[in-house]
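To start, the structure itself, in structure tokens.
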Amino acid sequence: MEYINLFVKSIFVDNMVFAYFLGMCSYLAVSKNVKTATGLGAAVIFVLLCTLPINYLINGFLTNNPFGVDLGFLSLIIFIATIAAFTQIVEMVVEKFAPALYGQLGIYLPLIAVNCAILGGSLFMQQREFANVGEAATYALGSGLGWFLAIVCLAAIRERLQYSKVPAALKGIGITFITVGLMAMAFMTFMGISL
Amino acid sequence: MDAKIKETLLNPIFKGNPITVLVLGICSSLAVTVELKGALVMAVSVIIVTGLANLILSLLRNTIPNRVRIIVQLVVVAMLVILVDEILKAFAYPVEKQLSVYIGLIITNCIVMGRIEAFALGNKPFASLLDGLANGAGYGLILVIVAFFRELLGSGTLLGIRIIPESFYEAGYMNNGLVILPPMALILIGCIIWVQRSIQKDLQEK
Amino acid sequence: MNTNGNIYTVVYSAIIVVLVAAVLAFASSVLKPMQDANIKAETISQILAAAGIQDKDTPTTNEAILDKYSETVTEAFVVDLEGNVVKALDTKRENIELVDGLKAENTNIKNNAEVNLPVYKFNNGTTVIPVYGAGLWGPVWGYVAFKEDLKTIAGAYFDHASETPGLGAKIKDDPSFRALFQGKTADFQAEPAFAIVKGASAANEVDAITGATMTSKGLSAAIGTWFKAYAAYFAGNAAPVDEKHCCKQHEGCEEHANCEEHEGSEEHENCEHKDCCEQHKTVEE
């Protein structure tokens, strides 16, 4: 039950984009059409799901005085190193063994290393002090799905926006910001949910 | 040379503003704009990090092996961010508590990495330092503008000091609770872009 | 020099990593004592605020907070779930001991494991205990001060990691929310002993914050859990109450008849423990 609650909450209530503005840069840049948005969203889910549990274990090890000292101050640098290394490895593996997939995902993978949703996931994991690695993984899957949902929705809206009459100065990025704001408002209605 | 320095310094503040024009660094910025104080500290932190990161990587630019370029950049930026975080924890604990994970997220702030890639790796240290500081300032400016409106309209205060007089509340004025919630930050930035692009027509997208 | 050779790359990376680690380790070791002092002073100032000794918003220094604490604290110790005092906490100025890691204790309480529940007693008669739980976004915690009878709440202070500003954050920012707790009484026989609800009516309820349902619920659950954990200690250590509280004398219902005599009398009506008297009556029946 705890897991289901955490899962649903991290998709809708604690949505990475709408509640925390995480991963905004690539969110705004790669949401022009639904197809690429789906690709990036899937990549984010995958990387979050893999790096967050790893970082959870590393964080547990570092703050538990491994060498007689609290190495907690290193956690941030290790998180980002894990994420960067992981995306690098994934990129190489995918390129080697699944060239077709690489063709589709390829350009988004390096982008993910600097996607704050990924690092944000690890930092929130640290702040919320999850009880075990299962919870951390559930949270990762939930927030990944939440991000996926958000970017696909926005991409769909932006495709339609092409045909709308928007004030000249608002065209492009301006109206996108306002759209995201309105979407975030809609997502706020999930706030009272608890299972 | 003077004109060039001026250009490096002023361009990122308005015409090439990292947030409203380049759309970089939105990630770690919006959530800290509920109160002016947090926004100011965040702005200063980002200015320091972008400035120093640009300086250090510009000094190292000819020695960095190309293959591990990104990792080296990340490590240097991460070091600076951790230092800022540790210093805040030691000297401005309440503010650090308020900003929580967003200080850590400066690492993935696209402005920092973006300016290193685009400027520091190809320019002399002094110019890079200026470019970093100016970009940080351009980012901070938007942060402060957004925070100004959100705190004023949302809480009726600025820097925690009551601005809207009690008599307004007695006459029926209410703080706008919506402004402090996340969505309004996005809409405010949308409006800032609108204003800026109405003034500078050449920035408009077709 | 070939900056793209394997050896160069490896050596370069190694040097950078070592340099960065050294800088960070140095900074961390220099700043750590200051950071710890800040965290400690922050915790103490929250305890003092709950006890009503020093307002949290008064600007002050870490030193002054520590001074104030060591001046006003009379006793600090740790109890377990059965209410036994496990060990004393040092209250001397140079070496103030607190129980940190409320998160861990919270887990222990829930698992019925061995716990270290801190109790801080002050010279204004208040007894302060912590509460800890999950709010909407992150943890919420705080301190609640009881009067000598260990039932009446003298004051409270709450804090949070990341509740919504202007809504959930009111548990910390809005003094009128904290003020609601003053004079309320926890009912340790009830489940929960104390609650934050919409439309509070009973003596052991306060009103929830409008628009912050989840934070209110979370804080309510935190208070319920921790009050229950302290129930055994409180039951065994409450100070005798003055005469006019007729019902309190008859706790345990031995002289319940006497209590009933009071019922209807003016004294009884004024007695703030009337409810508890009614309860005793039903128990005996």
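Residue numbers (my numbering), protein chains in the order written: chain Z, 3 to 197; chain B, -17 to 188; chain U, 790 to 1074. Idealized CB from N, CA, C, for every residue including glycine.
Contact defined as beta carbons within less than 8 Å: I believe residue i pairs with residue j. What is the distance between those atoms, to the nearest angstrom?
{"i": "residue 30(Z)", "j": "residue 5(B)", "result": "6 Å"}
{"i": "residue 139(B)", "j": "residue 133(B)", "result": "6 Å"}
{"i": "residue 112(Z)", "j": "residue 93(Z)", "result": "7 Å"}
{"i": "residue 917(U)", "j": "residue 933(U)", "result": "7 Å"}
{"i": "residue 864(U)", "j": "residue 910(U)", "result": "4 Å"}
{"i": "residue 894(U)", "j": "residue 905(U)", "result": "6 Å"}
{"i": "residue 75(Z)", "j": "residue 813(U)", "result": "6 Å"}
{"i": "residue 51(Z)", "j": "residue 146(Z)", "result": "6 Å"}
{"i": "residue 8(B)", "j": "residue 23(Z)", "result": "6 Å"}
{"i": "residue 123(B)", "j": "residue 43(B)", "result": "Not really, about 28 Å apart at Cβ, beyond 8 Å."}
{"i": "residue 982(U)", "j": "residue 975(U)", "result": "5 Å"}
{"i": "residue 57(B)", "j": "residue 805(U)", "result": "6 Å"}
{"i": "residue 24(B)", "j": "residue 14(B)", "result": "5 Å"}
{"i": "residue 73(Z)", "j": "residue 142(Z)", "result": "Not quite, the Cβ-Cβ distance comes to about 23 Å (not below 8 Å), so this is no contact."}
{"i": "residue 913(U)", "j": "residue 841(U)", "result": "7 Å"}
{"i": "residue 858(U)", "j": "residue 891(U)", "result": "With a Cβ gap of about 18 Å, residue 858(U) and residue 891(U) do not count as contacting."}
From what residue to what residue does the beta strand (DSSP E) around residue i run?
{"i": "residue 994(U)", "result": "994 to 996"}
{"i": "residue 866(U)", "result": "862 to 868"}
{"i": "residue 92(Z)", "result": "Careful: residue 92(Z) lies outside any beta strand (DSSP E), inside the alpha helix (DSSP H) at 77 to 99."}
{"i": "residue 946(U)", "result": "942 to 949"}
{"i": "residue 176(B)", "result": "That residue, residue 176(B), is in no beta strand (DSSP E); its alpha helix (DSSP H) goes 164 to 181."}
{"i": "residue 876(U)", "result": "874 to 877"}
{"i": "residue 932(U)", "result": "928 to 935"}
{"i": "residue 921(U)", "result": "916 to 923"}
{"i": "residue 984(U)", "result": "984 to 986"}
CB residue i to CB residue j, shorter than 7 Å?
{"i": "residue 272(B)", "j": "residue -15(B)", "result": "Any answer about residue 272(B) is impossible in this case: the structure gives chain B only from -17 up to 188."}
{"i": "residue 37(B)", "j": "residue 111(B)", "result": "yes"}
{"i": "residue 28(B)", "j": "residue 121(B)", "result": "yes"}
{"i": "residue 950(U)", "j": "residue 919(U)", "result": "no"}
{"i": "residue 1007(U)", "j": "residue 922(U)", "result": "yes"}
{"i": "residue 142(B)", "j": "residue 157(B)", "result": "no"}
{"i": "residue 154(B)", "j": "residue 180(Z)", "result": "no"}
{"i": "residue 48(B)", "j": "residue 795(U)", "result": "no"}
{"i": "residue 183(Z)", "j": "residue 168(B)", "result": "yes"}
{"i": "residue 945(U)", "j": "residue 966(U)", "result": "no"}
{"i": "residue 39(Z)", "j": "residue 154(Z)", "result": "yes"}
{"i": "residue 973(U)", "j": "residue 1012(U)", "result": "no"}
{"i": "residue 132(Z)", "j": "residue 139(Z)", "result": "no"}
{"i": "residue 172(Z)", "j": "residue 176(B)", "result": "yes"}
{"i": "residue 176(Z)", "j": "residue 118(Z)", "result": "no"}
{"i": "residue 867(U)", "j": "residue 880(U)", "result": "no"}
{"i": "residue 994(U)", "j": "residue 979(U)", "result": "no"}
{"i": "residue 832(U)", "j": "residue 887(U)", "result": "yes"}
{"i": "residue 870(U)", "j": "residue 1010(U)", "result": "no"}
{"i": "residue 72(B)", "j": "residue 1003(U)", "result": "no"}
Just to confirm the assignment, what range does the alpha helix (DSSP H) spanning residue i have?
{"i": "residue 1078(U)", "result": "The shown model of chain U, from 790 to 1074, leaves out residue 1078(U), and the question about it has no answer."}
{"i": "residue 1013(U)", "result": "1002 to 1026"}
{"i": "residue 149(Z)", "result": "135 to 163"}
{"i": "residue 800(U)", "result": "795 to 840"}
{"i": "residue 1(Z)", "result": "The structure shown does not extend to residue 1(Z), since chain Z is modelled only from 3 through 197, so no value can be given for it."}
{"i": "residue 230(B)", "result": "The displayed coordinates of chain B run from -17 to 188. Any statement about residue 230(B) would go beyond what the structure contains."}
{"i": "residue 129(Z)", "result": "118 to 130"}
{"i": "residue 107(B)", "result": "107 to 137"}
{"i": "residue 184(Z)", "result": "175 to 190"}
Just to check, is the beta-carbon of residue i closer than 6 Å to a non-hydrogen atom of the ligand HEM?
{"i": "residue 884(U)", "result": "The model on display carries no ligand, and the ligand HEM is accordingly not part of it."}
Below 8 Å on C-beta distance, what does residue i contact in chain C?
{"i": "residue 835(U)", "result": "Annotation note: the requested chain C is absent from the structure, which comprises protein chains Z, B and U."}
Using 8 Å as the Cβ pair cut-off and three pairs as the minimum, do the segment 88 to 107 of chain B and the segment 834 to 848 of chain U touch? Per the Cβ contact rule, the segment 88 to 107 of chain B is not in contact with the segment 834 to 848 of chain U (fewer than 3 Cβ pairs under 8 Å).
Would the segment 50 to 67 of chain Z and the segment 80 to 91 of chain Z be scored as touching if the rule is three or more Cβ pairs under 8 Å? Yes, the segment 50 to 67 of chain Z is in contact with the segment 80 to 91 of chain Z.
Across the segment 804 to 823 of chain U and the segment 56 to 70 of chain B, are there enough close Cβ pairs to call them in contact, namely three or more that are closer than 8 Å? The answer is yes - the segment 56 to 70 of chain B touches the segment 804 to 823 of chain U, with three or more Cβ pairs under 8 Å.
Meets three-Cβ-pair contact criterion under 8 Å: the segment 149 to 165 of chain B and the segment 26 to 43 of chain B: By the criterion of at least three beta-carbon pairs nearer than 8 Å, the segment 149 to 165 of chain B is not in contact with the segment 26 to 43 of chain B.
Can you list, in chain order, the residues of the segment 63 to 76 of chain Z whose Cβ is nearer than 8 Å to any Cβ on chain U? Closer than 8 Å at the C-beta level to chain U, one finds these residues of the segment 63 to 76 of chain Z: 75 and 76.
Could you list the residues in the segment 853 to 873 of chain U with a C-beta less than 8 Å from some C-beta on chain Z, going in chain order? Identification of residues in the segment 853 to 873 of chain U having a C-beta nearer than 8 Å to some C-beta of chain Z yields an empty set.
Listed from N- to C-terminal order along the chain, which residues in the segment 159 to 176 of chain B have their beta-carbon within a distance smaller than 7 Å of any beta-carbon of chain Z? Listed in sequence order: 163, 164, 165, 166, 168, 169, 171, 172, 175 and 176.
Determine, using beta-carbon pairs with one atom in the segment 161 to 169 of chain B and one in the segment 155 to 175 of chain Z, whether at least three such pairs fall under 8 Å. With fewer than three CB-CB distances shorter than 8 Å, the segment 161 to 169 of chain B does not count as touching the segment 155 to 175 of chain Z.
Of the residues that make up the segment 57 to 76 of chain B, which ones have a beta carbon closer than 8 Å to any beta carbon in chain Z? Near chain Z, meaning a CB-to-CB distance below 8 Å, the residues of the segment 57 to 76 of chain B are 57, 60, 61, 63, 64, 67 and 68.
What residues in the segment 116 to 131 of chain Z have a beta carbon less than 7 Å from any beta carbon of chain U? So the list reads 129, 130 and 131, given in the order they occur along the chain.
Using a Cβ cut-off of 8 Å, which residues of the segment 40 to 53 of chain B contact any Cβ in chain U, in chain order? Shown in chain order are the members of the segment 40 to 53 of chain B whose Cβ falls below 8 Å from a Cβ of chain U: 44, 45, 46, 47, 48, 49, 50 and 53.
May I ask you to list, following chain order, the residues of the segment 12 to 46 of chain Z that have a beta carbon less than 9 Å from some beta carbon of chain B? Within the segment 12 to 46 of chain Z, the residues whose Cβ lies closer than 9 Å to some Cβ of chain B are 20, 21, 22, 23, 24, 25, 26, 27, 28, 29, 30 and 31, listed in chain order.
Tell me which residues of the segment 795 to 820 of chain U have at least one Cβ-Cβ distance to chain B shorter than 8 Å, keeping chain order. Result list: 797, 798, 801, 802, 805, 806, 809, 812, 813, 816, 817 and 820.
Cβ-based contacts, 9 Å cut-off: residues of the segment 977 to 1008 of chain U near chain B: The segment 977 to 1008 of chain U vs chain B, Cβ under 9 Å: 1000.
With 7 Å as the C-beta to C-beta threshold (strictly closer), list the residues of the segment 883 to 895 of chain U near chain Z in chain order. Those would be 892, in chain order.
Relative to chain Z, which residues along the segment 910 to 928 of chain U have a C-beta separation below 9 Å, given in chain order? Listed in sequence order: 923, 925, 926, 927 and 928.
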